[in-house]
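Visitor: Sharing a structure below in structure tokens format, with a few things to ask.
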Amino acid sequence: MEGQGLQAKALYDFEPQAAGEISIWANETVTIINKNVGEGWCEGINARGETGLFPEDYVEILPASAPPPSMPPPPLPAKYDAGPPALSAAPQAPQYDNGDDWDDDWDDDDSNQGAQDMQQHPQLSGPCNYGLFPPNRSSILEAGSKGDGSHQAGHCQALQSVRSVVCPEEGSCNNTRPLPPPSHTQELEGKITWVAGMDPYECEVSSPKKESKFKGFKNYIAYQLTPSFNQVPVSRRYKHFDWLHERLQENVWRIAVPPMCTRAGRYQDDFIEHRMAKLQLWVNRICQHPVMSQSSVWMHFLTCRDEKKWKLGKRKAEKDELMGTNLFAALQVPQNSLDPLIVEGKVESFSKFTQKMDEGVNHLYKTSQDQIKKCSKHYKYECEKIASSLKELASAFDLEKSSLPAAQLTEALRHTEETYKHIGSMYDTKLQRYWESLGDVLFMYKGVLAVWPDIVSFHKTFQSKHKEYQKMRDEVKLSQEDLEGIRQRMDVVSYATLAEVSHFQKQKVHDFNTAMHTFLGGQISFYEEVAHFASSSSLVEFDCKLHWVMLGTRKCSRVVLQGLLLLVLVGNWWALVKADRGLPKQSNADLEIKAACFSSSEATYKWLHYGNLHQT
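Letter 598 of the sequence shown, counting from 1, is numbered 598 in my numbering, and no numbers are missing.
Here it is in structure tokens:
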């Protein structure tokens, strides 16, 4: 169906990768002229007047003006009567029109429903902020860099709202909400770390399956997730992962949530498999984090199989009272006070490290992307070019068939041509895969490192506020008791920040050890396979076809070596004569040369003897 003049808002940045595609930027208004392109693409005009294709899920249809409702919506359930706390400054996600939410089979309530649906499901009525949530790449970085009044007011509210809860045991603290069971932190070798409140587990992403709805009009890919703690698989699609990523960014605030892979791409098998590998990497990162792995929204994502409970759980996650700065109200820290100067030094040192690491990761990521392109194009083309040259030479030799050796040589050249073609395809299918695997890890760390400047900035804001309150105490504008309460709230943020720093430092060692081991092992395996294939095919082919040449070469080489052996034996005999006749004694160097001569002559004799026996 044609959507003439249909206005939409871009949710993602999209760079064209093929002919006929156009670029769009987040928050840009585009005009959709054809939504019936298929496979998740639509045709439209961007703000620069360019016409072409872009992903349909990268844009949000702007709602047309509608008349006021004829009747008010039914009231919300009792448990939702209290709205989110005023201190939660999380922006609401965009709502989606029902016609554009085709690709979420469990998200039918993402859009405004009719009066009949509201009466049948009153618990689903009211405002809702979920559905296809685009990963807000810039919001995290902007939050800590803007110096406007609203940002400062938000931090001031955070200082007034965060509280400290003393643990029964000194040196341990809780790090999560009442459900699931709380986790603790501990101090090991001078480092404050998270300690998981549940046994470690894994989750496998597998079995990508193409599914459809609306009688096949809309298609999507669903993946199975199987957690190790119950071995019960659930079916999720990219849109669900996207929603989860948005919720983790809001619900586990000021924790480095890994970025989601982009959703651009079609339904080719290689793309589906590669995206599944990226999702597996992302899921592994969540499972290995002591806070995110226990969060209720993540557990809901992993275990919920009922559609109605899924929708209700999504609404509950979007109205979580501990979003934003309120998350610190659930953190429990020990009584031990932290030295602000020591904490500031650790955070500043880590900030410098992440800046340098970000540069290195970005540089290596660009290199990996360059190598991926070369494997699929440049290296493959070079091998095909060599194969073409060998083919041309073989065609020339094929014109002259006067002898059997000439015909055999031509056949060997043609076999070598096929060998180079096969090696070229190996660059495209195998070596490229190892670079992609390394690039996926680097992409994840690019996103994680991009979050840290805001986490550090948030912590610095708390420190500066604490210094201001100390000054107010010195000016007798604030009591010592009030300052002590502020210090305790400051410690909550410091404990959380240092625990996250420790987890990142530990995780990066594990991730890069694993990534480099896999990458280098793949490189070695690839080049060993290339060498084995070349030596066991083309080289053997030439050995068989030109055996008569090798026999002649061996005879010639044997005559030369026999002559050299004779010279060595004569030299050794003359050295013995000099010694018997009382001639000047030989130096140590002469004796070493003499021993080497005997050794080499013996080895040469054995080689020649073996060759004669072999020839016989």
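Each residue gets a CB set at the ideal place from its N, CA and C atoms; glycine is no exception.
Which whole-angstrom value describes the C-beta separation of residue 495 and residue 483, a residue pair presumed to lie in contact below a C-beta threshold of 8 Å?
Guide: One-based indexing of the sequence shown puts residue 495 at position 495. One-based indexing of the sequence shown puts residue 483 at position 483. At roughly 19 Å, the Cβ-Cβ gap does not stay under 8 Å, so residue 495 and residue 483 are not in contact.
Visitor: Could you work out which residue in 295, 389, 59, 304 is closest to residue 327 when comparing CA atoms only?
Guide: Here residue 327 refers to the residue found at position 327 of the sequence shown. Out of 295, 389, 59, 304, 295 has the C-alpha closest to the C-alpha of residue 327.
Visitor: Do residue 196 and residue 451 count as a contact pair if the criterion is CB distance below 7 Å?
Guide: Locating residue 451 in the sequence shown gives position 451, counting from the first residue. Locating residue 196 in the sequence shown gives position 196, counting from the first residue. Their beta carbons are not under 7 Å apart, which means residue 451 does not touch residue 196 by this criterion.
Visitor: Taking the C-alpha atoms as reference points, what is the distance between residue 466 and residue 280?
Guide: Residue numbering aside, residue 466 sits at position 466 when the sequence shown is read from its first letter. Residue numbering aside, residue 280 sits at position 280 when the sequence shown is read from its first letter. Rounded to whole angstroms, residue 466 to residue 280 spans 42 Å at the Cα level.
Visitor: I'd like to confirm the pairing. Which residues does DSSP put opposite residue 41 in its beta bridges?
Guide: Sequence index remark: in the sequence shown, residue 41 carries index 41 (1-based). Looking at the DSSP assignment, residue 41 forms a beta bridge with 38, 55.
Visitor: In three-state terms, what does DSSP make of residue 253?
Guide: Translated into the one-based positions of the sequence shown, residue 253 becomes position 253. Residue 253: coil per DSSP, three-state reduction.
Visitor: Just verifying my parser: in three-state terms, what is the DSSP assignment at residue 25?
Guide: On the sequence shown, residue 25 is found 25 positions in, with the first residue counted as 1. DSSP places residue 25 in coil when its eight states are reduced to three.
Visitor: Between the alpha carbons of residue 509 and residue 211, how many angstroms are there, rounded?
Guide: In the sequence shown, the residue the question calls residue 509 occupies position 509. In the sequence shown, the residue the question calls residue 211 occupies position 211. Approximately 39 Å between the Cα atoms of the pair.
Visitor: Might you give, ordered along the chain, the residues of its own chain that have their beta carbon closer than 6 Å to the beta carbon of residue 519, omitting 5 neighbours on each side?
Guide: Along the sequence shown, read from residue 1 onward, the residue named residue 519 stands at position 519. Closer than 6 Å at Cβ, skipping near neighbours: 434, 438.
Visitor: Sorted by chain position, which residues of the same chain lie with C-beta nearer than 6 Å to residue 6's C-beta, five sequence neighbours on each side aside?
Guide: Here residue 6 refers to the residue found at position 6 of the sequence shown. Closer than 6 Å at Cβ, skipping near neighbours: 32.
Visitor: Taking just the CA atoms, how far does residue 15 sit from residue 436?
Guide: For this step, residue 436 is matched to residue 436 along the sequence shown. For this step, residue 15 is matched to residue 15 along the sequence shown. Looking at the two C-alpha atoms, the distance is approximately 19 Å.
Visitor: Going by the DSSP bridge assignment, what does residue 203 pair with across the sheet?
Guide: Here residue 203 is taken as the residue at index 203 of the sequence shown, counted from 1. The partner list for residue 203 (beta bridge, DSSP) reads 227.
Visitor: Check whether the segment 343-357 and the segment 393-411 are in contact - that is, three or more C-beta pairs closer than 8 Å.
Guide: No, the segment 343-357 is not in contact with the segment 393-411.
Visitor: Under the assumption that residue 423 contacts residue 526 (Cβ atoms under 8 Å), give the Cβ distance between them as a whole number of angstroms.
Guide: Within the sequence shown, residue 423 is the residue found at index 423, counting from 1. Within the sequence shown, residue 526 is the residue found at index 526, counting from 1. Contact flag wrong, Cβ pair sits at about 10 Å.
Visitor: Whole angstroms is fine: what's the gap from residue 427's alpha carbon to residue 417's?
Guide: Position 427 of the sequence shown, counting from 1, holds the residue named residue 427. Position 417 of the sequence shown, counting from 1, holds the residue named residue 417. Whole-angstrom Cα-Cα distance: 16 Å.
Visitor: Where residue 298 and residue 232 are concerned, what is the direct C-alpha to C-alpha distance, given to the nearest angstrom?
Guide: On the sequence shown, position 298 is the one that residue 298 refers to. On the sequence shown, position 232 is the one that residue 232 refers to. Distance between the alpha carbons of residue 298 and residue 232 is about 15 Å.
Visitor: For residue 379, which residues of its own chain have a beta-carbon under 6 Å away from its beta-carbon, when the five flanking residues on both sides are left out?
Guide: Taking the sequence shown and counting its residues from 1, one reaches residue 379 at position 379. Closer than 6 Å at Cβ, skipping near neighbours: 427.
Visitor: Which residues does DSSP list as the beta-bridge partners of residue 219?
Guide: Numbered from 1 along the sequence shown, position 219 holds the residue referred to as residue 219. According to DSSP, residue 219 bridges with 212.
Visitor: Is the beta carbon of residue 251 closer than 7 Å to that of residue 198?
Guide: Against the sequence shown, residue 198 aligns to sequence position 198. Against the sequence shown, residue 251 aligns to sequence position 251. No, Cβ-Cβ distance for residue 198 and residue 251 is not below 7 Å.
Visitor: Flag this pair as yes or no: are the beta carbons of residue 272 and residue 192 separated by less than 7 Å?
Guide: Here residue 272 corresponds to residue number 272 of the sequence shown, with the count starting at 1. Here residue 192 corresponds to residue number 192 of the sequence shown, with the count starting at 1. Contact flag unset, no.
Visitor: What separation, rounded to the nearest whole angstrom, lies between the Cα atoms of residue 17 and residue 471?
Guide: Along the sequence shown, read from residue 1 onward, the residue named residue 17 stands at position 17. Along the sequence shown, read from residue 1 onward, the residue named residue 471 stands at position 471. Each residue's alpha carbon lies about 56 Å from the other.
Visitor: For residue 391, which option in 419, 365, 371, 366 has the closest C-alpha, if you only look at C-alpha atoms?
Guide: Start at 1 with the first residue of the sequence shown, and residue 391 comes out as number 391. Ranking 419, 365, 371, 366 by Cα distance to residue 391 puts 419 first.
Visitor: Once DSSP output is grouped into helix, strand and coil, what is the label at residue 193?
Guide: For the purposes of this step, residue 193 is taken as the residue at position 193 of the sequence shown. Three-state result, residue 193: strand.
Visitor: Which residue wins for smallest C-alpha separation from residue 362, given the options 440, 61, 316, 522?
Guide: For the purposes of this step, residue 362 is taken as the residue at position 362 of the sequence shown. Closest by alpha carbon: 440.
Visitor: Alpha carbon to alpha carbon, what distance is there between residue 247 and residue 317?
Guide: Locating residue 317 in the sequence shown gives position 317, counting from the first residue. Locating residue 247 in the sequence shown gives position 247, counting from the first residue. For residue 317 and residue 247, the distance between alpha carbons rounds to 7 Å.
Visitor: Since residue 53 and residue 24 should fall inside the 8 Å C-beta cutoff, what is the C-beta to C-beta distance between them, to a whole number of angstroms?
Guide: Looking up residue 53 in the sequence shown gives position 53. Looking up residue 24 in the sequence shown gives position 24. Going by Cβ atoms, the distance from residue 53 to residue 24 rounds to 10 Å, so no, they are not a contact pair.
Visitor: Using three-state DSSP, classify residue 396 as helix, strand or coil.
Guide: In the sequence shown, counting from the first residue as 1, residue 396 sits at position 396. Residue 396 falls in the helix class under three-state DSSP.
Visitor: Around the C-beta of residue 343, are 16 or more other C-beta atoms found within 10 angstroms, so that it is buried, or is it exposed?
Guide: As a first step, residue 343 must be located in the sequence shown, where it is residue number 343. Counting Cβ neighbours within 10 Å, residue 343 comes out buried, since at least 16 surround it.
Visitor: Since I believe residue 303 is in contact with residue 205 (beta carbons under 8 Å), could you give me their beta-carbon distance rounded to a whole number of angstroms?
Guide: Sequence index remark: in the sequence shown, residue 205 carries index 205 (1-based). Sequence index remark: in the sequence shown, residue 303 carries index 303 (1-based). Going by Cβ atoms, the distance from residue 205 to residue 303 rounds to 15 Å, so no, they are not a contact pair.
Visitor: Considering only the alpha carbon of each residue, which of 412, 507, 398, 478 lies closest to residue 449?
Guide: In the sequence shown, residue 449 corresponds to position 449, counting from 1. When only C-alpha atoms are compared, the closest one is 507.
Visitor: Mind checking which residues open and close the alpha helix (DSSP H) that includes residue 373?
Guide: Translated into positions along the sequence shown, residue 373 becomes position 373. That run of the alpha helix (DSSP H) goes 340-373.
Visitor: Could you compute how far the alpha carbon of residue 243 sits from the alpha carbon of residue 340?
Guide: Here residue 243 refers to the residue found at position 243 of the sequence shown. Here residue 340 refers to the residue found at position 340 of the sequence shown. Approximately 37 Å between the Cα atoms of the pair.
Visitor: Whose C-beta lies closer than 8 Å to the C-beta of residue 421 among residues of the same chain, with five residues either side of it excluded?
Guide: Indexing the sequence shown from 1 puts residue 421 at position 421. Once the five neighbours on either side are set aside, the close Cβ partners of residue 421 are 383, 384, 387.
Visitor: For the beta strand (DSSP E) holding residue 291, just list the boundary residues, first then last.
Guide: The sequence position of residue 291 within the sequence shown is 291, counting from 1. Neither: residue 291 is in no beta strand (DSSP E) and is coded neither H nor E.
Visitor: What would DSSP say about residue 7, mapped onto helix, strand or coil?
Guide: Here residue 7 corresponds to residue number 7 of the sequence shown, with the count starting at 1. Here residue 7 sits in strand by DSSP.
Visitor: Could you tell me the distance, in whole angstroms, from the CA atom of residue 285 to the CA atom of residue 258?
Guide: If you number the sequence shown from 1, residue 285 lands on position 285. If you number the sequence shown from 1, residue 258 lands on position 258. Using only the alpha carbons, I get a separation of about 7 Å.
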